[in-house]
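Chains A and B supply the protein sequences, listed in that same order.
Just so you know, the first sequence maps onto residues 1 to 565 in this note's numbering.
Just so you know, the second sequence maps onto residues 1 to 65 in this note's numbering.
Glycine included, each C-beta is placed from N, C-alpha and C at the ideal position.
Report on the following structure.
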Amino acid sequence: MTLTIVDGLIIGLYLLVVIAIGVALRRRTRTSEDFFLSGRSIPAWVAGLAFMSANMGAQEVVGMAASGAKYGLATSHFYWVGAIPAMVFLGLFMMPLYYGSRARSVPEYLKLRFDEKTRLLNATTFAFMTVISSGISMYAMGLLLNLLLGWPFDLSIWLWAGIVLIYVFMGGLTSGIYNEVLQFFLIVFGFAPLVILGLVDIGGWSGLMASLADISLQRGYPADALTTVWRHTGSADTNPLGVGWFGISMGLGFVLSFGYWCTDFLLVQRAMAADSLSAARQAPIIAAIPKLLFPALVILPGMIAIGLTHRAGGLTFPLKPDGSLNYDLAMPLMLARYLPTGLLGLGITALMASFMSGMAGNVTAFNTVWTYDLYQAHIRPNASDTHYLNVGRIATVAGVLLSIAAAYLAARFNNIMDLLQLVFAFVNAPLFATFLLGMFWKRTTGHAAFAGLLLGTIGAALHHGLTIPQHAIPGIKGGWLFIVHTYPSEMAQNFSTAIMAWTACFLVTVTVSLITAPRPDDQLKGLVYSLTEKGYEKPAHWYLNPTLLAPLVLGAAFALNLIFW
Amino acid sequence: MGLDLRLPIGALFTALGLVLIVYGAISDPAIYARSLGININLDWGCVLLVFGVAMLAASWRRTAK
């Protein structure tokens with residue numbers, strides 16, 4: 001794939017606007033709250049779109065198309081089951097506490113609700129995680145651009161990191177949020193022509209179903225297994241995900257989804273930056289509306305790509321070293337096939353934008369947690385606001401440099417990264433039990449929350465050490481203690497690990513809470529749902545009312561699950 | 001916040017739309033074999049232009065108020 005001057009011009013225009021936004025925001029960023037929380041002045045629709053696209057890093061975009069090619073339409077479980085309900089729940093029931101308590105970060109909420117040690121545990125693991133995941137996605141993008149356009153790996157890494165650094169350094173979270181919204185529109189307008197052309201070419205939805213039926217049968221599944229979401233989940237063996245309905249609904253739909261969407265500060269920070277409590281509640285629910293439709297933009301191209309492999313003159317997926325198809329190339333292959341120079345530049349710009357805003361999202365969350373929850377709480381309390389603003393800017397530089405280091409670490413020692421990600425998964429799995437109990441059961445105590453998180457993480461590790469997916473070698477895939485159970489797939493094992501960690505954390509937290517002294521009610525006002533006033537101000541427009549939007553969004557998600565049952 | 005986000009979004013998409021329309025008008029039709037014979041640069045450029053101008057208009061309307 002080669003780019004021409006027009007493609008270059010399109011990429012250049014985008015970069016120009018990105019830098020211009022940073023410059024324009026620099027003068028408006030005067031206090032630490034401007035820098036870390038956008039001065040709590042972001043309108044609901046901007047916060048909502050940023051909330052939605054903060055999660056859509058390039059890895060996610062490329063990965064969703066890859067999963068579309070591998071698992072078919074069932075990939076949309078990650079949207080309609082694994083995102084929408086949690087986003088609506090966050091908006092309706094959790095934002096009043098995050099926003100109303102005036103906490104400046106998710107770890108700070110834990111400090112207000114529980115105690116310092118719970119915050120420290122969460123803040124430290126979160127800070128590490130953001131740097132590592134930003135590094136991993138940089139590495140992935142460096143590889144992809146090298147493969148597609150022949151750009152040197154080092155150049156990609158330093159160039160993109162440099163641009164992210166410039167705009168976050170100048171405008172802080174506001175720069176990050178503005179670029180996420182820009183990225184949202186670039187993804188929509190960059191990938192929509194691809195989907196339209198692809199669908200026309202393959203003969204519409206019915207043509208796609210027919211092509212995928214062949215592939216499904218060939219892989220040993222029922223003919224419609226790649227074009228339906230629930231029909232074949234009665235048993236893990238008859239659907240390409242290799243997970244049954246219980247694992248999908250409880251593991252993905254409940255534990256993993258709520259744990260991610262409702263507690264990950266990278267996302268919650270976008271809603272915390274909203275200009276009012278009402279806007280903060282609307283943001284995740286507004287975000288859920290495009291989230292409902294995004295499978296058409298990111299999963300469908302992967303399905304079309306794999307469908308085209310069975311046609312004369314269609315597509316050929318390159319093979320991985322182990323002989324399996326390299327599904328990660330689904331999106332790039334589609335870009336190269338359908339987009340002529342000009343529009344191709346727009347498609348590549350969309351990929352780059354999602355890469356940069358994914359990285360900026362991690363950096364803005366990192367600098368906030370570092371400055372407020374680690375530096376101000378433990379290293380230097382009671383300094384001036386300007387001091388913390390400067391610390392935040394330095395943390396931005398440090399965060400970008402650490403991400404670059406992580407990217408090179410990923411390039412050199414891939415197995416270390418796999419191990420780190422596994423450990424983070426153990427740490428994250430129990431989180432939602434802690435928040436659920438903390439927010440909705442006033443009896444929950446700090447010691448209980450801390451013990452629950454630790455034992456939940458240990459529970460996750462133990463479950464992983466005792467079980468293994470089919471055909472895997474004991475080690476990083478599990479079974480490193482001894483094997484008591486074999487799962488049909490890695491995904492089934494992951495979902496069960498999450499359920500196990502959540503249950504362990506829930507039980508430990510309840511038990512310890514009952515034997516430790518609770519905090520008096522008046523200290524928990526604004527932190528626990530039942531002790532919080534709910535006189536919400538009226539939203540700017542009646543159609544933005546969360547109590548109206550929430551059932552509509554949930555109903556639409558339900559309908560989509562039925563239509564593609 | 002002071003800076004209305006619709007302004008840079010509108011400016012970017014208006015510019016992108018114009019670039020694609022001009023390029024679509026002067027480019028060799030042979031490059032559209034891969035987009036099923038449709039001059040997708042021209043067509044999609046119009047879509048981007050309409051979106052960009054709408055965003056700019058919304059931003060100006062707010063400033064005028």
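Just tell me which of the options has its CA closest to the CA of residue i.
i, options, result
"A:N545", "A:P284, A:L524 and A:I476", "A:P284"
"A:D264", "A:A425, A:Q523 and A:L562", "A:A425"
"A:G172", "A:G475, A:D418 and A:R28", "A:R28"
"A:N494", "A:A460, A:I515 and A:M303", "A:A460"
"A:A504", "A:V255, A:D328, A:Y408 and A:P222", "A:V255"
"A:V553", "A:T371, A:A20 and A:Y79", "A:Y79"
"A:M331", "A:A305, A:D521 and A:H447", "A:A305"
"A:R393", "A:G12, A:E33, A:I5 and A:Y14", "A:E33"
"A:G253", "A:M352, A:M303, A:I84 and A:T233", "A:I84"
"A:F35", "A:T457, A:E180 and A:G22", "A:G22"
"A:T2", "A:M417, A:R102, A:L208 and A:I348", "A:I348"
"A:D497", "A:F355, A:H464 and A:Q470", "Reading the sequence as shown, one finds Thr at residue 497 of chain A and not Asp. For the residues A:F355, A:H464 and A:Q470, the minimum Cα distance to A:T497 belongs to A:H464."
"A:L37", "A:L560, A:A550 and A:T368", "A:T368"
"A:G39", "A:I11, A:L266, A:L15 and A:R104", "A:R104"
"A:Y14", "A:I515, A:N179 and A:L226", "A:N179"
"B:G17", "A:W151, A:L186 and A:D385", "A:L186"
"A:R311", "A:F191, A:P96 and A:D201", "A:D201"
"A:L182", "B:R61, B:V22, B:F51 and B:D28", "B:F51"
"A:I136", "A:P518, A:A405, A:M87 and A:A236", "A:A405"
"A:L212", "A:G203, A:T227, A:G198 and A:G204", "A:T227"
"A:V46", "A:A377, A:A472, A:G176 and A:P321", "A:G176"
"A:L241", "A:L300, A:R30, A:L73 and A:N146", "A:L73"
"A:Y167", "A:L16, A:S489 and A:F482", "A:L16"
What does the Cβ neighbour count give for residue i, buried or exposed, with the cut at 16 atoms within 10 Å?
i, result
"A:N382", "exposed"
"A:G244", "buried"
"A:Q600", "Nothing can be reported for residue 600 of chain A, as the shown portion of chain A is limited to 1 through 565."
"A:E533", "exposed"
"A:S530", "exposed"
"A:F450", "buried"
"A:Q523", "exposed"
"A:R113", "buried"
"B:I26", "exposed"
"A:P193", "buried"
"A:H485", "exposed"
"A:A271", "buried"
"A:K291", "buried"
"A:E537", "exposed"
"A:A69", "buried"
"A:Y543", "exposed"
"A:T75", "buried"
"A:A559", "exposed"
"A:K599", "Shown here, chain A extends from 1 to 565; a query on residue 599 of chain A therefore has no answer."
Of all Cβ atoms in chain D, is any one closer than 7 Å to the Cβ of residue i?
i, result
"A:I163", "The structure shown contains no chain D; its protein chains are A and B."
Mapping the DSSP letters down to three states, classify residue i as helix, strand or coil.
i, result
"A:H447", "helix"
"A:G478", "strand"
"A:A383", "coil"
"A:Y487", "strand"
"B:M1", "Residue confidence is low: B:M1 scores 46 on pLDDT, short of 50, so the model does not pin down where it sits. No coordinate-derived value is stated."
"A:A395", "helix"
"A:P518", "coil"
"A:D148", "Per the sequence shown, the amino acid found at residue 148 of chain A is Leu instead of Asp. Here A:L148 sits in helix by DSSP."
"A:A103", "coil"
"A:I286", "helix"
"A:A273", "coil"
"A:L524", "coil"
"A:P332", "helix"
"A:I468", "strand"
"A:I42", "strand"
"A:L315", "coil"
Note down, in chain order, all residues in the stretch 26-37 of chain B with a beta-carbon under 9 Å from any beta-carbon belonging to chain A.
-> Residues of the stretch 26-37 of chain B with a Cβ closer than 9 Å to any Cβ of chain A, in chain order: S27, I31, Y32, A33, R34, S35 and L36.
Near-chain B residues of the stretch 335-366 of chain A - C-beta to any C-beta below 8 Å = Residues of the stretch 335-366 of chain A that bring their beta carbon within less than 8 Å of a beta carbon in chain B comprise R337, Y338, L339, P340, T341, G342, L343 and L346, in sequence order.
For the stretch 170-194 of chain A, which residues have a beta carbon sitting closer than 7 Å to at least one beta carbon of chain B?
-> The stretch 170-194 of chain A vs chain B, Cβ under 7 Å: T174, Y178, V181, L182, F185, F189 and P193.
Identify every run of the beta strand (DSSP E) within the stretch 67-93 of chain A, keeping only runs that are complete inside it and at least 3 residues long; order them along the chain.
-> With a minimum length of 3 residues, no continuous beta strand (DSSP E) run stays inside the stretch 67-93 of chain A.
Give the residues from the stretch 10-32 of chain A that approach chain B closer than 8 Å (Cβ to any Cβ), ordered along the chain.
-> If you check each beta-carbon in the stretch 10-32 of chain A against every beta-carbon of chain B, the ones closer than 8 Å belong to I10, L13, Y14, V17, A20, I21, A24, L25 and R28.
Pull out every residue of the stretch 5-27 of chain B whose Cβ sits closer than 8 Å to any Cβ of chain A, in chain order.
-> Residues of the stretch 5-27 of chain B that bring their beta carbon within less than 8 Å of a beta carbon in chain A comprise L5, P8, I9, A11, L12, F13, A15, L16, V19, L20, Y23, G24 and S27, in sequence order.
Report the residues of the stretch 33-46 of chain A with a CB closer than 8 Å to any CB of chain B, ordered along the chain.
-> For the stretch 33-46 of chain A, the set of residues with a beta-carbon nearer than 8 Å to any beta-carbon of chain B comprises S38, G39, S41, I42 and V46, in chain order.
According to a CB-to-CB cut-off of less than 7 Å, which residues of the stretch 194-212 of chain A neighbour chain B?
-> From the stretch 194-212 of chain A, only L197, V200 and D201 have a Cβ closer than 7 Å to chain B.
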